[in-house]
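In the working numbering, the protein residues as written are 9 to 292. Below is one structure, written out as structure tokens; the observations come after it.
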Amino acid sequence: MWRRMGGMGSEVQQKTPRRLIYCLPMRTLVEQTYSNVQYYLQNLSLQSANPDQPGYIGLCTIMGGSNSDDWVLYPESDAIIIGTQDMLLSRALNRGYGTSRFQWPFLFGLINNDCLWVIDEIQLMGSGLATSAQLEAFRKSFGVRGSAQTIWMSATAEPAWLKTVDHSIPYSEDVLTLSDSDRSGSLSQRLSANKILQRCPVSLEGSKEKALPKNAAKLTYEVISHHVPGTLTLVIINSVKKAKAVFEALQANKEKGQIKAEIMLVHSRFRAYERKCLNEQLTQ
Numbered sequence: 009m010w011r012r013m014g015g016m017g018s019e020v021q022q023k024t025p026r027r028l029i030y031c032l033p034m035r036t037l038v039e040q041t042y043s044n045v046q047y048y049l050q051n052l053s054l055q056s057a058n059p060d061q062p063g064y065i066g067l068c069t070i071m072g073g074s075n076s077d078d079w080v081l082y083p084e085s086d087a088i089i090i091g092t093q094d095m096l097l098s099r100a101l102n103r104g105y106g107t108s109r110f111q112w113p114f115l116f117g118l119i120n121n122d123c124l125w126v127i128d129e130i131q132l133m134g135s136g137l138a139t140s141a142q143l144e145a146f147r148k149s150f151g152v153r154g155s156a157q158t159i160w161m162s163a164t165a166e167p168a169w170l171k172t173v174d175h176s177i178p179y180s181e182d183v184l185t186l187s188d189s190d191r192s193g194s195l196s197q198r199l200s201a202n203k204i205l206q207r208c209p210v211s212l213e214g215s216k217e218k219a220l221p222k223n224a225a226k227l228t229y230e231v232i233s234h235h236v237p238g239t240l241t242l243v244i245i246n247s248v249k250k251a252k253a254v255f256e257a258l259q260a261n262k263e264k265g266q267i268k269a270e271i272m273l274v275h276s277r278f279r280a281y282e283r284k285c286l287n288e289q290l291t292q
């Protein structure tokens with residue numbers, strides 16, 4: 009945004025792509041990223057419903073169930089487009105999911121020209137990673153209008169992952185990593201900190217329906233005894249049924265006054281609106 013608004017001079021502004029495309033492998037990451045970017049734009053007084061206003065920056069999400077292509081109405085405006093890899097890469101391949109085939113060429117042109125692709129959490133992308141690398145190779149080979157570049161980001165990336173038929177492994181000078189000074193101080197303490205792993209004496213494995221509430225109550229005791237007030241305690245259960253049983257046991261203990269912490273249940277069977285409310289609570 010700083011470059012596009014002329015913060016580093018008109019020459020840099022002209023070389024900076026008009027559209028920022030933030031590609032993520034999961035919709036939950038899209039929702040979180042959208043909320044953060046929206047917060048940044050509001051703080052900078054850059055979010056406006058009027059595209060004719062100076063400094064206007066469009067913001068939209070593209071994912072299943074939330075396909076906003078309003079940004080295509082103002083191709084001359086700056087835009088931040090955040091979406092899942094299936095929706096974004098399909099548009100880059102001229103086969104946009106969830107859109108009319110008559111829009112495919114239009115979206116194909118906008119999303120491959122004058123844009124900066126930021127592809128995050130690439131270790132979770134699967135075949136989409138190779139697709140993104142090959143698309144970048146095509147853009148460099150055939151040429152684009154304006155500037156089009158791709159940045160791949162991950163805490164566990166391997167340069168060899170980006171090798172395709174037409175895209176070579178990046179040179180070491182093109183790879184940005186943490187320097188020794190970055191790793192010093194408080195970050196060094198966190199990276200080298202001991203992580204204690206202990207086996208829980210209570211297991212819900214193989215619990216029959218009648219025995220599940222009793223075993224869930226035992227596990228709840230372990231959770232309460234290890235919880236430190238003012239911190240987050242995360243309990244991960246491998247089935248929705250068992251997770252609900254543990255949640256109900258924790259709620260029962262809270263009603264008795266044995267625990268004062270806020271308790272939340274998150275699983276895959278919530279409806280979209282409920283899931284949205286839970287995500288908002290989790291990110292507060």
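All C-beta atoms in this analysis are idealised placements derived from N, C-alpha and C, irrespective of residue type, glycine included.
Within 9 Å, strictly: CB atoms of THR228 and ASN261: yes
Straight-line Cα distance separating GLY91 from VAL126: 11 Å
PHE255, buried or exposed, once every other Cβ within 10 Å from all chains shown has been counted against 16: buried
Contact set for ASN58: own chain, Cβ-Cβ below 8 Å, skip 5 residues either direction: TYR64
Outcome for ARG147 when other beta-carbon atoms lying within 10 angstroms are tallied against a minimum of 16: buried
Beta strand (DSSP E) segment containing ARG27, residue limits: 27-32
Own chain partners of ASN75 with C-beta closer than 6 Å, once the 5 adjacent residues on each side are dropped: GLY106
CA-to-CA distance, GLN142 to ASP174, given in whole angstroms: 6 Å
Cα-Cα separation, ASP122 to ARG207: 53 Å
Straight-line Cα distance separating LYS252 from PHE278: 12 Å
Coarse secondary structure for GLN142, derived from DSSP in three states: helix
Own chain, CB closer than 6 Å to LEU212, minus 5 neighbours either side, in chain order: ASN223, LYS250
Burial state of GLU263 (16 or more Cβ within 10 Å): exposed
Anticipated Cβ contact below 8 Å, THR241 with VAL231, distance rounded: 6 Å
Length of the line joining the Cα atoms of GLN21 and ILE271: 48 Å
Spatially closest choice to TYR82 from LEU32, LEU115, SER196, SER233, by CA coordinates: LEU115
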